[in-house]
Every structure is written in C-alpha cells, then in structure tokens.
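So the protein lines, in turn, are chains D, E and Z. Everything in the first sequence is counted per the working numbering, starting at 1 for the first residue and increasing by one. Everything in the second sequence is counted per the working numbering, starting at 196 for the first residue and increasing by one. Everything in the third sequence is counted per the working numbering, starting at 420 for the first residue and increasing by one. From the three backbone atoms N, C-alpha and C, an ideal C-beta is built for every residue, glycine too. The model shown is predicted, which means the values in this text are computed figures rather than measured ones. Notes for the one structure printed next.
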Amino acid sequence: MKEENFSPEQSLQLIQTMISKTKQDMSDNSIYFLVWGWLTFFACTGQFVLKHIYNYEKHYLVWLVVIVGIIFSIYQGRKEEKRSRATTYIDDSIKYLWSGMAASFFVLGMILTRLGWGTVVFPFFIMLYGLGTFVSGSIIRFRPLVIGGIVAWALAIGSTFVSYDYQMLFGAAAILVSYIIPAYMLRSRNNIANK
Amino acid sequence: MTQTEKQLTEKESLDLIAMMINKAKDTCHDTGIAAIMWGAVIAICSLVRLSEIHVGYKLPFDIYLLTFAAVIPQIYFSVKEKKERKAKAYGDVFFDNMWMAFGICIFLMIFITGSIYSGLKPMTEEYQKLTGHSAPFHFYEFNSSFFLLLYGLPTFVTGVSMKFKPMLWGGLLCWVCCIVTIYTTVKIDLILTALSSIFAWFIPGLIMEKDYRKAKKGLAAANV
Amino acid sequence: MFKDLDPILHSQLRLAVMSLLISVKEAEFTFIREKTNATAGNLSVQIQKLKEAGYIDVTKQFRDNYPLTVCKITKQGIKAFEEYVANLQSYLGKG
C-alpha cells in the first residue's frame, strides 16, 4: 500500500480523471465507421469496375481516396479533442485500438509493396478489418459490430478461393457487413438514446 | 480503517478517496505467466526451425505444433485468473477480447498464407522446369513478416492502454522486425521472430510477474 | 459547516467503498473488504445504504455453489460522487 502524501491538488486531479474515465456515455464514433466504410466500399467496387470491366491498368489508384479518410479523421479528431477534455475508458480503448490498426495497415502496405499488390492483398485486409470491428464491438458492447467482425473473418477465408478480381467484391461485402450496416445501426441506437 | 463514524475533514476525505483509488489500481495486476509462456514458445519454435535449416536435420514432428500444445495451459491460466479476479478493471474486457481476436486471426493467417502458398506453388514449379532456375520469388519467405505484423498489433495496443512501456516498445519492435524481414532471408527472419517474441512478451511478462508478486506481498502485509 | 456535502458519501467507510468502485468496473464483496479492512457486518450495512440511495448496484451470483456479491457503481452514483468532490474542492479553495 502506498502511503504517499498527496497534495490536495494532486488528489483532486487523480479523482477527477477517475470520474471522467468512468462515465459510461461515450462519444458517438459511428461517423468514423461511416466515412471509412463508404470510402473503402467505393474503392473496392471502383477498383473492380476499372479492372474487370474497363481493363484499366492503373485500377489501384482508386485507393488514393484513403487520403480523404486520413484528412477527415485528423480533422474530426482535433475537433472532438477541443470539445471534450474528458475521455472515458471506452473512448481511450477505441482510440488505442484504431491507432494500432492504422499502424498495422501501414506495415501491411509495406509488405505488399514488396510482394506485389496484384496477388494477395484482400484476404489480409479483410482479416484485419474483422479484428478491428470485432474488438470495437465488444468494447462498446454492440453486437452487430461483433457479428460483422466474425462475418468479415469468414469472408477473408472465402476470398482465398476466388481470383483477385472477385476478391475486391469480397472486400466490398466485408466492409458493407462489418462497417457500414453496423454503423447505421449504431447511429440510430445513439439517436434513440439521446432523445 | 476505523469503523467509528467520526466526522471527516475535507482534507481527510480527499486523502481517503485518493488512497482508495490507488489501492484499487494496485490490484489490477496481470500475473504475466501467459506472456512468459508464449514468448518462450514462439522463440523456441523459431530457433528450432532455424537450427533445422542451418544444420540440415529434421525433427520427426513440426516444431510449430508446440504452439497448439500451449493452448492447453493457456486455457488453464485464463480460467484460474478469472476465478481469482475479485474486481474487474475497465480494460479487462477490452484486453480479453483483443487477445482472443488475435488468437483467431493467427489461425486465419495460417490458413490464408497456406492457401496462397499452395496456389502459387504450381507456378513456381513450372518456372523452375522451364528456366532451370529456382523461382526468384518465394512466398514462404514472407511468412514471418505476416505473423510479425499480427504479433505487433495487440502487443502495441496493450502496451499503450496499460501505459506499460516494455510492451509498447515490444510491439513496435515486432513491426520494425516485420519490415526488416521483408528484405531478409528465412534464416534471419527466424532470428528476428525469436527476438521479437522475447522482447514483446517474454521480458514484459517477467516484469509483470515481478510486479504481481510485489503487489501480492504488499497486500498481505497491509492486511496483517 | 458540512451542510452541502452529501451525508451518504460523507462517511469514512461509504466514501472508501465509492472510491474503490469508481476505479473498477465491478468488484466482489471480498475485494472491497480486503481493501477497506472493514468487518463484514459493518460493510454489509454500508453497502446496503449505498444501494438504497441508488448509488451502487448489487447483484448476487453463485460461483461453485458459493454466493458471490458483486457491486458496481451506477450513473447516479458517479454523479453524486462528482458533486461531492466538487464541493470538497470549493471548501478547500476557500480554506
């Protein structure tokens, strides 16, 4: 047991962080899921259309849209930071998880740059998506996200059986099921809760 | 603590609250035993495989089967820990689910890399037949990279959320090694994998275990 | 002097219990007893008072046929605790 003597200010600070962290109501994160969900969904389907239907060589360029997502996330994150100084345990966990996810996608990108993007991209991406949504869903206790994560894992396995072109469609399906649909459900749940 | 309802001063109240918060924080210690075990298991698997390749012998069984065997003590540790856990910390659900998801993804990874490898095999064999050279590209050389990528994720996130630096750096090391292994041979990949598992799990596990024992001792002393 | 301080919280053992519960998601009765060094009887009474005030949730479970009391702070409890601390702060500020 620590018998340190805190100054009143130190004690108060400790107590206040504890209180704010414990508050259960968390900020609505569905906007991130929606923006990233739709961006990646259009990238997957767009790439399929460009490559499979128009035989466009540089079909992978559609993925440059993720830059929009990154800019949006930074902007939105800054805005939220200004608005609420206190973060809850849930907010913190989500933030740490997705920072880890972002780093993983970056490292995966580096592997695939060397390995060649044209062969084996999608099963790995879908698997990682699944991990992110599964864990997020269990943190905020929102079942559709958890189920979405499991479905994404199943689609990751399924995508190894089809050719590269159709893997894009598996990717789009995974995003639809594990991000977009749960995000709309989360949004409507939060709207009801706030009324 | 006295049980008489004596009147508290504001300062006493404040001190009491801060002390109890610290006491509660002190108990939520991980035993670290699982981290020690997995760190050791992965390091052993990688180094045995390395020796197989380097010396040129072959064990009668795949050394990586050891990882499946390690699942049994893991289940035992989890059940025991859950029983002994008298208070649930906020992060517990998060960590439990993240490491479970990680376990699932490891299996998926084995499946995905396996199926990609078997898909590419006929092509590389044909290349060798036609040109007489071994193919310039071997998918299995990237195996370690994919696994290191996955090792880094939950390790890093756990380290950041628990504000536990050894794991945070361990997770980052996994990713650095992952990027290095993209460019190195299988032998070096295996050395880096062993190194990563020691720094990401084995050593942080030892530190956690030490802290856990210290906290347990402190608790026993406080209750005398 | 302590007019504004919540009388339910302004008692040594109850305040200790609430401070523990604000730090963890949920805690078993034995955990709280260990941490506060209170007697089981006294602790039960204080936990009952906190429960009646709506500050904590108490659920009884069974594990291996042993009864298990699990306590958890409520939203109302967090709010009351927050106010209590804010009042403490204003007193300290004056003093």
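The way I'd put it, the segment 29-48 of chain D does touch the segment 171-189 of chain D; three or more beta-carbon pairs between them come closer than 8 Å.
ILE311 of chain E places its beta carbon 7 Å or farther from that of SER340 of chain E. Contact between the segment 398-409 of chain E and the segment 237-244 of chain E is absent: fewer than 3 CB-CB pairs across the two stretches fall below 8 Å.
Here the segment 230-241 of chain E lies against the segment 388-398 of chain E, with 3 or more beta-carbon pairs under 8 Å apart.
Contact residues of the segment 424-435 of chain Z toward chain E are LEU424, LEU428, HIS429, SER430, GLN431, LEU432, LEU434 and ALA435 (C-beta to C-beta distance below 9 Å). Look at ARG482 of chain Z here: in three-state DSSP terms it is strand. Excluding residues up to 5 positions away in sequence, GLU447, PHE448, LYS479, GLN480 and PHE481 lie with their Cβ nearer than 8 Å to the Cβ of LEU487 of chain Z in the same chain.
The alpha-carbon separation between TYR166 of chain D and LYS51 of chain D amounts to approximately 11 Å. Contact residues of the segment 43-66 of chain D toward chain E are absent (C-beta to C-beta distance below 8 Å). Taking 7 Å as the upper bound on Cβ-Cβ separation, chain Z lies near no residue of the segment 228-255 of chain E. For a Cβ distance threshold of 7 Å, nothing in chain E lies close to PRO182 of chain D: the least Cβ distance comes to about 16 Å. Here ASP28 of chain D carries a coil assignment [DSSP, helix/strand/coil]. In terms of Cβ geometry, SER509 of chain Z and MET18 of chain D do not form a close pair [threshold 7 Å].
Inclusion of PHE142 of chain D and LEU186 of chain D in the CB contact set at 7 Å is warranted, their separation being smaller than that value.
With a threshold of 16 other beta carbon atoms within 10 Å, VAL120 of chain D meets it and is buried. Here ARG78 of chain D is exposed, its C-beta having fewer than 16 other C-beta atoms within 10 Å. Secondary structure note for ALA103 of chain D: its alpha helix (DSSP H) is the uninterrupted segment 89-115. Secondary structure of ASP384 of chain E (DSSP, three-state): helix.
For THR133 of chain D, not one C-beta of chain E is nearer than 7 Å to its own C-beta. Using a CB distance cut-off of 7 Å, LYS444 of chain Z counts as an interface residue toward chain E. Of the residues D:GLY37, D:SER11, D:MET101 and D:GLY100, the one whose Cα lies closest to the Cα of VAL68 of chain D is D:GLY37. Taking 8 Å as the cut-off between beta carbons, the residues of the segment 259-293 of chain E near chain Z are LYS278, LYS281, ALA282, LYS283, ALA284, TYR285, ASP287 and VAL288, in sequence order. Taken through DSSP and simplified to helix, strand or coil, GLU57 of chain D comes out as coil.
Judged by pairs of C-beta atoms under 8 Å, the segment 148-167 of chain D touches the segment 126-136 of chain D, as three or more such pairs exist.
One alpha carbon belongs to ILE239 of chain E, the other to ALA389 of chain E, and they sit about 7 Å apart. In this structure TRP364 of chain E is not in contact with LEU344 of chain E, their Cβ atoms being roughly 17 Å apart against a cut-off of 8 Å. DSSP places ALA446 of chain Z inside the beta strand (DSSP E), whose first and last residues are 445-447. Around LEU108 of chain D, the same chain offers PHE124, PHE125 and LEU128 as residues with beta carbons nearer than 8 Å, after the five sequence neighbours per side are excluded.
For the pair PHE256 of chain E and GLY100 of chain D, the CB atoms are not nearer than the 7 Å cut-off. Looking at the DSSP output, CYS490 of chain Z sits in a beta bridge with Z:ALA446 and Z:VAL477. Contact residues of the segment 458-475 of chain Z toward chain E are THR458 and ASN461 (C-beta to C-beta distance below 8 Å). With contacts defined as CB atoms closer than 7 Å, PRO349 of chain E and MET293 of chain E qualify as a contacting pair. One finds LEU511 in chain Z with Cβ atoms closer than 7 Å to the Cβ of PRO8 of chain D, taken in chain order.
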